[in-house]
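Chemist: Let me begin by handing over the structure; questions about it come next.
There are 2 protein chains.
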Amino acid sequence: MVSIESAHLIGRERDRGAGEVFQYRSPVSGALLEPASPQAGASEVDRALALAAAAAEELAELPLRRRAELLERIAAALEALAPELLPLTHEETGLPQARLQGECARTANQLRLFAAAVCEGAWLDARIDPAQPQRAPVPKPDIRMLMHPVGPVAVFGASNFPLAFSVAGGDTAAALAAGCPVIVKAHPRHPRTSQRVGEMIQKVVADLGLPPGTFSLIHGDRAELSVALVSHPLLKSVAFTGSLAVGRRLYDVAAARSEPIPVFAEMASVNPIFALPQRLAEDYASMASGFVQSFTLGVGQFCTKPGLLFAVAGPALQRFVAAAAAEVEKLPAATMLHSDIKCSYDDGLQNFRRLAGVNVVARGREATGCEATPTLHATNSATFIATPRLHEELFGPYALIVECSSGEEMTTLARHLQGQLTASLHATAGELAGQHTLLSVLRAKTGRLIFNQFPTGVEVTHAMVHGGGYPSTTDSRFSAVGTLAIRRFLRPVCYQNFPDALLPAALQDSNPLGIRRRVDGA
Amino acid sequence: MVSIESAHLIGRERDRGAGEVFQYRSPVSGALLEPASPQAGASEVDRALALAAAAAEELAELPLRRRAELLERIAAALEALAPELLPLTHEETGLPQARLQGECARTANQLRLFAAAVCEGAWLDARIDPAQPQRAPVPKPDIRMLMHPVGPVAVFGASNFPLAFSVAGGDTAAALAAGCPVIVKAHPRHPRTSQRVGEMIQKVVADLGLPPGTFSLIHGDRAELSVALVSHPLLKSVAFTGSLAVGRRLYDVAAARSEPIPVFAEMASVNPIFALPQRLAEDYASMASGFVQSFTLGVGQFCTKPGLLFAVAGPALQRFVAAAAAEVEKLPAATMLHSDIKCSYDDGLQNFRRLAGVNVVARGREATGCEATPTLHATNSATFIATPRLHEELFGPYALIVECSSGEEMTTLARHLQGQLTASLHATAGELAGQHTLLSVLRAKTGRLIFNQFPTGVEVTHAMVHGGGYPSTTDSRFSAVGTLAIRRFLRPVCYQNFPDALLPAALQDSNPLGIRRRVDGA
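The listed protein sequences correspond, in order, to chains A and B.
Start counting at 1 in the first sequence, then tack on 820, and there's your number in our numbering.
Start counting at 1 in the second sequence, then tack on 820, and there's your number in our numbering.
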């Protein structure tokens, strides 16, 4: 195993900190991961933000082509780093090599998609309303608008995507695409992965001659550090993927600032599936197989894991449950990301088992160490309605089947659900056509509606929405995945009566960037 | 004067409340305005929200043409109402008839602009990423995205625009354009105007057969009512124009909810002007005249009133100050919107006068009753930096000239400013070209940058940004004026693998709405 010196990366500098360190065990080997990581404090946050604020103006004015080059160079360097990086990541997270290779490819593709989007320029939303000097009673001035980066963004690395939602992940890519400096708070459970990727970005930034404050990375595992970062007066926005408790804490801190700032926290979703009777009768076997595969994929550690399935009681559901149970019982236990998640999973299962009205349908093989046992429970609608805890996410390879008495009752239960990243309907086309109310109810709280497919697997495209009502996110008006994610870090600015030569290129008469613009609303 | 029965309008109903009333004096006559208005409480809020939530699904699915028709009918009915409405409004607000006629026309035009934008459909941001069934290792699903209304919106009427930012004003128009039900909390200082306009909208909604919860209006002047409205679990968004104290209070209440919701509060801006030496020397007379006209327009009660002017000390500035003083001294006192604003203005002036280093440049004629005296002060940069109170908005016909020692010092002072709706540069084209840093500093905190014009007068267009850094608004990522304002009340939803016939019309293959869409990113 390669030895990594762990250090904060503050602009161009390496900083070993003031001596305090933290350290965790590998979920795979149980051994302490070496070396320990330095614990950042207010001083590191201060220096990173001062550099970021100093970089913000230059980054905002960087030609789009150079901004895209930054993203492309990070993508290529990440791919080059993979052979030595992924074994470290596996040891830190327990995620298998094949999954990590896929995630690395996705992360690089994501960076390249943002690079292409930056140059294409639709996200600038450029608008020109020409002057009307003859208008009575007062002349109409020339007004031109475009989207401008908000300034320094804090990115909190996620434990469950050590590459795709961590140091060089979607939030960093979207913020850099928008033209914002980034300060990454590395996830404490994969500090070595974060360190290597951070060093790679630091080098790309230096090689391209970009301002040092373009990127910084700090290590730490204390709540006070997160609070200090989110509270810092020079910070303008926060992106976070993780637990509801931590996400809400960061949101509250940001809202209580003298100048409040947005927090895009992607937190807790149970991603319900509604299985309608005819489809269930026609296709129970492949549905059961698809469902079990989806809720146990990646040890159930995806934010889009389907944790609930609603279906009408009857023979078709019985066959589905039997088929699903048979699949679950064959499944091995598998290693979770870290010991805290493993403990939460086991505690959650124990709490559910104690509830009257919740039955164990099937369990996979018994777990040891940091592993989780895939588990499928069932309950009825009365118990579900009476037990709000059953509406909440249990992170891990767990799902709950809720037996309903009718299709109408499914809609009633859908009204009880909180906000969701996804909701899936499994139905024949005829059944779907009859579910207008259910669809309306789900749409009002969900970012992605899925027909006859399973929610795990989030395409990184232009139309993807990875967002939804609270508590799936703190702000349903934005997406954390896909090119829409850039919009989180932009604000509109308009120019009134400016000489053409002093306008940003995107707004000049000759349209030197060749982007699409709205002129006089058309 | 026409007598108006004042009542809450809750869906289709009129509700006289439980007996408690409130009442204020006319700023014009000093007489109590009759009749008193009922005081709403939790019960009215509850009923209005239940109706709004029930209306939300139907409104979201209303054909765009019908949504536009609602806005057009409100515009026409407002114009028809004007002859009997505007005398009431004048008596309630002190605003002259000519101004109110202009505001009424602007309000109707604003509704029609939103109606046109609704049908044009660019705001839907429709995106289609077609399936790639052959993609390896996994097929790519069909994903289609569009913007969806967020649900019930609370609109707080503003005192300074009793038509354009009140019951049928920009926030209501934008929310209805987005497809959201609206609950208006009428401003307590123009309840009769609010009542007449509310009754007009209630009738249009009924005539068009729209759901009763599309629109409600409640009266009240207690903070508890605003808190109850913003706290209500069925509410999804809040639009407010008014003071920093009240706007921040609403923001804090919304952020503390178990499900936080956005608050678009447009609050406090001093709209600085930076006057560069050469331009000042060449054109001091017309600049002085334009400046005085802008900061005293509408008795200085515009959110874009320029409250600060920065210039380099010297003969050109002396001539400018003398010319401005001569203009101010000729100005009559004029009636303010209501007694609280008048008291705040007088208190603010007294506080400023007590500050060492702040000098009175000129005052208009002495005020009586609810009038304000136009006032121009001057100070130096050291006093300005040392006195944060001077950086804050004083609502009314007041401005402060800050003498700087150099152009560089102007940039230093710009860095000290808080977030602004607008910032204006008065310069020759050559001077502007040399102010790259000043422009960058201002752009980072401002929604609208203006060259050689004055900030009062906000065009309602596609490119207008009426927004800016805190405390000018609570959320610089959005605009309160122009078609961009619709975006505040939308969230993205995507559909994965849906049968064409069950997709929203905007996303169907045949593009039945004929709107512009992004297909595969192009």
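Ideal Cβ placement from N, Cα and C applies to all residues, glycine included.
Only a predicted model underlies this, so the values are computations on that prediction, with no experimental measurement involved.
Measuring only the C-alpha atoms, how far is arginine 1016(B) from proline 982(B)?
Modeler: Taking the first residue of the second sequence as position 1, residue 1016(B) is located at position 196. Taking the first residue of the second sequence as position 1, residue 982(B) is located at position 162. Rounded to the nearest angstrom, the two C-alpha atoms are 12 Å apart.
Chemist: Of all Cβ atoms in chain A, is any one closer than 8 Å to the Cβ of asparagine 1272(B)?
Modeler: To locate residue 1272(B), count along the second sequence from 1; it is residue 452. Yes, contact with chain A.
Chemist: Mind checking the region 1317-1338 of chain B against chain A and listing, in chain order, the residues whose C-beta falls within less than 8 Å of any C-beta there?
Modeler: Answer in chain order: Asn1317, Phe1318, Pro1319, Ala1321, Leu1322, Arg1338.
Chemist: Which complete alpha helix (DSSP H) runs does the region 831-895 of chain A hold, if anything under 4 residues is left out?
Modeler: Entirely contained in the region 831-895 of chain A, the alpha helix (DSSP H) runs reaching 4 residues are, in chain order, 862-880.
Chemist: Would the region 1175-1195 of chain A count as touching the region 1141-1153 of chain A if we require 3 or more Cβ pairs under 8 Å?
Modeler: Result yes; three or more Cβ-Cβ pairs closer than 8 Å.
Chemist: Taking the runs of the beta strand (DSSP E) that are 3 residues or longer, which of them lie wholly in the region 1084-1117 of chain B?
Modeler: Fully enclosed beta strand (DSSP E) runs of 3 or longer: 1093-1095.
Chemist: Using the beta-carbon count (16 or more within 10 Å), is valine 822(B) buried or exposed?
Modeler: In the second sequence, residue 822(B) corresponds to position 2, counting from 1. Bear in mind that the predicted position of valine 822(B) carries a pLDDT of just 49, short of 50, making it unreliable; the figure below should be weighed with that in mind. Exposed, since its Cβ has fewer than 16 Cβ neighbours within 10 Å.
Chemist: Taking DSSP as the reference, what is the three-state secondary structure of alanine 1243(A)?
Modeler: As a first step, residue 1243(A) must be located in the first sequence, where it is residue number 423. Strand, per DSSP.
Chemist: With 16 as the cutoff for other CB atoms within 10 Å, does glutamine 859(B) come out buried or exposed?
Modeler: Counting from one through the second sequence, the residue named residue 859(B) turns up at place 39. By the 10 Å Cβ count, glutamine 859(B) comes out buried.
Chemist: In chain B, which residues lie less than 7 Å from methionine 965(A) when you measure between Cβ atoms?
Modeler: For the purposes of this step, residue 965(A) is taken as residue 145 along the first sequence, with counting starting at 1. Ala1283, Val1285, listed in chain order.
Chemist: If you draw a straight line from the alpha carbon of arginine 1068(A) to that of leucine 852(A), how long is it in whole angstroms?
Modeler: Residue mapping note: residue 1068(A) aligns to position 248 of the first sequence, counting from 1. Residue mapping note: residue 852(A) aligns to position 32 of the first sequence, counting from 1. Going from the Cα of arginine 1068(A) to the Cα of leucine 852(A) covers about 30 Å.
Chemist: Helix, strand or coil, according to DSSP, for methionine 1156(A) in the structure here?
Modeler: Stepping through the first sequence from its first residue, residue 1156(A) is reached at position 336. Methionine 1156(A) falls in the coil class under three-state DSSP.
Chemist: Is the shortest distance between the beta-carbon of threonine 1061(A) and the beta-carbons of chain B less than 8 Å?
Modeler: Residue mapping note: residue 1061(A) aligns to position 241 of the first sequence, counting from 1. No, because no Cβ of chain B sits closer than 8 Å to the Cβ of threonine 1061(A).
Chemist: Cβ closer than 8 Å: which chain B residues qualify as neighbours of glutamate 1279(A)?
Modeler: For the purposes of this step, residue 1279(A) is taken as residue 459 along the first sequence, with counting starting at 1. In chain order: Asp949, Lys960, Pro961, Ile963.
Chemist: Going by Cα to Cα distance, which pick from Ala997(A), Ala868(A), His910(A) is closest to arginine 893(A)?
Modeler: Mapped onto the first sequence, residue 893(A) falls at position 73. Taking only the C-alpha atoms, the option nearest arginine 893(A) is Ala997(A).
Chemist: Using a Cβ-Cβ distance under 8 Å, would valine 1313(A) count as near chain E?
Modeler: No chain E is present in this structure, whose protein chains are A and B.
Chemist: Give the single residue among Leu879(B), Ser1244(B), His1286(B), Val1301(B) whose Cα lies nearest to the Cα of glycine 1110(B).
Modeler: As a working mapping, residue 1110(B) is identified with position 290 in the second sequence. Measuring from the Cα of glycine 1110(B), the nearest candidate turns out to be Ser1244(B).
Chemist: Determine whether the beta carbon atoms of proline 1031(B) and aspartate 1295(B) lie at a separation below 8 Å.
Modeler: Locating residue 1031(B) in the second sequence gives position 211, where the first residue counts as 1. Locating residue 1295(B) in the second sequence gives position 475, where the first residue counts as 1. Result no, Cβ atoms of proline 1031(B) and aspartate 1295(B) do not sit closer than 8 Å.
Chemist: Tell me, please, whether the CB atom of alanine 1145(B) is closer than 8 Å to any CB atom in chain A?
Modeler: By 1-based counting over the second sequence, the position of residue 1145(B) is 325. Alanine 1145(B) does not count as touching chain A.
Chemist: Thinking just about the alpha-carbon of each residue, which of Ile1161(B), Thr1203(B), Arg834(B), His910(B) is nearest to the one in serine 846(B)?
Modeler: To locate residue 846(B), count along the second sequence from 1; it is residue 26. It is His910(B).
Chemist: Give me the subset of the region 1215-1226 of chain B whose CB atoms are less than 7 Å from a CB atom of chain A, sorted by chain position.
Modeler: So nothing in the stretch comes that close.
Chemist: Give the list of continuous beta strand (DSSP E) stretches no shorter than 3 residues that lie fully inside the region 1019-1095 of chain A.
Modeler: 1035-1038, 1057-1061, 1083-1086, 1093-1095, all fully within the region 1019-1095 of chain A.
Chemist: State the start and end residues of the unbroken beta strand (DSSP E) segment that holds glycine 1267(B).
Modeler: As a working note, residue 1267(B) is residue 447 in the second sequence. Residues 1266-1271.
Chemist: Can you tell me where the alpha helix (DSSP H) with glutamate 923(A) in it begins and where it stops?
Modeler: Taking the first residue of the first sequence as position 1, residue 923(A) is located at position 103. From DSSP, the alpha helix (DSSP H) with glutamate 923(A) extends over 917-940.
Chemist: Helix, strand or coil for asparagine 1171(B), going by three-state DSSP, please let me know.
Modeler: Indexing the second sequence from 1 puts residue 1171(B) at position 351. If DSSP states are grouped into helix, strand and coil, asparagine 1171(B) belongs with the helices.
Chemist: Just to make sure I have the definition right: I need the residues of chain A whose C-beta is within less than 8 Å of the C-beta of serine 1260(B). Which are they?
Modeler: Taking the first residue of the second sequence as 1, we reach residue 1260(B) at position 440. Residues of chain A passing the Cβ test: Glu877, Ala880, Glu881.
Chemist: Along the chain, where does the alpha helix (DSSP H) containing threonine 1231(B) start, and where does it finish?
Modeler: By one-based count along the second sequence, residue 1231(B) stands at place 411. From DSSP, the alpha helix (DSSP H) with threonine 1231(B) extends over 1227-1236.
Chemist: Which same chain residues end up closer than 6 Å to threonine 1061(A) when comparing Cβ atoms and leaving out the 5 residues on each side of it in sequence?
Modeler: Counted from its first residue, the first sequence places residue 1061(A) at position 241. Ala978, Phe985, Glu1086, listed in sequence order.
Chemist: In this structure, what does DSSP give as the bridge partners for aspartate 949(B)?
Modeler: Translated into the one-based positions of the second sequence, residue 949(B) becomes position 129. Beta-bridge pairing links aspartate 949(B) to Ile963(B).
Chemist: Under 8 Å, do valine 1222(B) and phenylalanine 1130(B) count as touching if we go by C-beta distance?
Modeler: Reading the second sequence from its first residue, position 402 is the one you call residue 1222(B). Reading the second sequence from its first residue, position 310 is the one you call residue 1130(B). Yes, these two residues count as a Cβ contact at 8 Å.
Chemist: Lysine 960(A): which of Gln1273(B), Pro1097(B), Ala902(B), Thr1034(B) sits nearest, CA to CA?
Modeler: Start at 1 with the first residue of the first sequence, and residue 960(A) comes out as number 140. Measuring from the Cα of lysine 960(A), the nearest candidate turns out to be Gln1273(B).
Chemist: Using a Cβ cut-off of 7 Å, pull out every chain B residue sitting near glutamine 1249(A), in sequence order please.
Modeler: Numbered from its first residue, the first sequence carries residue 1249(A) at position 429. One detail in the question is off: residue 1249(A) reads as alanine in this sequence, not glutamine. Residues of chain B passing the Cβ test: Pro1319.
Chemist: What residues in the region 1080-1101 of chain B have a beta carbon less than 9 Å from any beta carbon of chain A?
Modeler: Cβ contacts with chain A come from Pro1080, Ile1081, Pro1082.
Chemist: In whole angstroms, give me the CA-to-CA distance for leucine 879(A) and serine 1226(B).
Modeler: Sequence index remark: in the first sequence, residue 879(A) carries index 59 (1-based). Sequence index remark: in the second sequence, residue 1226(B) carries index 406 (1-based). When rounded, the distance between both Cα atoms is 27 Å.
Chemist: Checking 8 Å against the spacing of the C-beta atoms, do phenylalanine 1309(B) and valine 1004(B) come in under that value?
Modeler: For this step, residue 1309(B) is matched to residue 489 along the second sequence. For this step, residue 1004(B) is matched to residue 184 along the second sequence. Result no, Cβ atoms of phenylalanine 1309(B) and valine 1004(B) do not sit closer than 8 Å.
Chemist: Which residues in the same chain as valine 1339(A) place their Cβ atom closer than 6 Å to its Cβ, once the five residues preceding and following it in sequence are excluded?
Modeler: Counting from one through the first sequence, the residue named residue 1339(A) turns up at place 519. Here the set comprises Ile948.
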